[in-house]
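**Q** Protein chains in written order, with this note's numbering: chain A, 1 to 115; chain B, 116 to 164.
Every residue, glycine too, gets a C-beta built ideally from N, C-alpha and C.
#1: Between the Cα of residue 63 of chain A and the Cα atoms of A/74, A/112 and A/17, which residue gives the shortest distance?
#2: With 7 Å as the C-beta to C-beta threshold (strictly closer), list the residues of the region 73-84 of chain A near chain B in chain order.
#3: Flag this pair as touching only if the region 71-91 of chain A and the region 19-26 of chain A have three or more C-beta atom pairs under 8 Å; answer yes or no.
#4: Closest Cβ-Cβ distance between residue 130 of chain A and chain B: below 9 Å?
#5: I'd like to know if the region 45-53 of chain A and the region 134-146 of chain B are in contact, where contact means that at least 3 CB-CB pairs between them fall below 8 Å.
#6: Quick one: measure Cβ to Cβ for residue 43 of chain A and residue 13 of chain A, integer angstroms, because I've assumed they're closer than 8 Å.
#7: Mapping the DSSP letters down to three states, classify residue 82 of chain A as helix, strand or coil.
#8: Whose CA, out of A/114, A/32 and A/71, lies closest to the CA of residue 156 of chain B?
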């Protein structure tokens, strides 16, 4: 069975912000499952990493949370993207695109192009 | 005055840490509850055979 990839620290924040941007408010469990779903089940989410991250993002103002009823009427904490978080998402998306474009140049480079 | 300030800083940090720990504990409890419900809905037994 193919081993799932662990989420790289630092990229998880971007995944969280983007997932909340696309899907709207989610509880932590739902957020974890959606991120794994979006990855095509190629990623595993460690709850020991996810929840401290959610706490940090909330303390930084990128997300906000409030308790509400889940699909099965259980009480759960729902997280949503804030205006600050939306700006952070836009900024990090631009950074990623720039980095990807830059790294792509190295993957494409041939020796004869540099002579 | 500096000692008092240092003490207050340590006290605040301790209170914040305890509050954060409590919040994480609550979040993990919620996660386990929701995951268990999802597993049971998917046909898993609550009792390990």
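**A** Checking against the coordinates, here is how it stands:
#1: Mapped onto the first chain, residue 63 of chain A falls at position 63. For the options A/74, A/112 and A/17, the alpha carbon positioned closest to that of residue 63 of chain A is the one of A/17.
#2: Of all residues in the region 73-84 of chain A, 74, 76 and 77 have a Cβ within less than 7 Å of some Cβ in chain B.
#3: Contact between the region 71-91 of chain A and the region 19-26 of chain A is present, because at least three Cβ pairs lie under 8 Å.
#4: With chain A running from 1 to 115 in the structure shown, residue 130 of chain A is simply not present.
#5: Touching, yes.
#6: As a first step, residue 43 of chain A must be located in the first chain, where it is residue number 43. As a first step, residue 13 of chain A must be located in the first chain, where it is residue number 13. The Cβ separation is near 14 Å, so there is no contact.
#7: By one-based count along the first chain, residue 82 of chain A stands at place 82. In the structure shown, residue 82 of chain A sits in coil (DSSP, three-state: anything other than H, G, I, E or B).
#8: If you number the second chain from 1, residue 156 of chain B lands on position 41. For the options A/114, A/32 and A/71, the alpha carbon positioned closest to that of residue 156 of chain B is the one of A/71.
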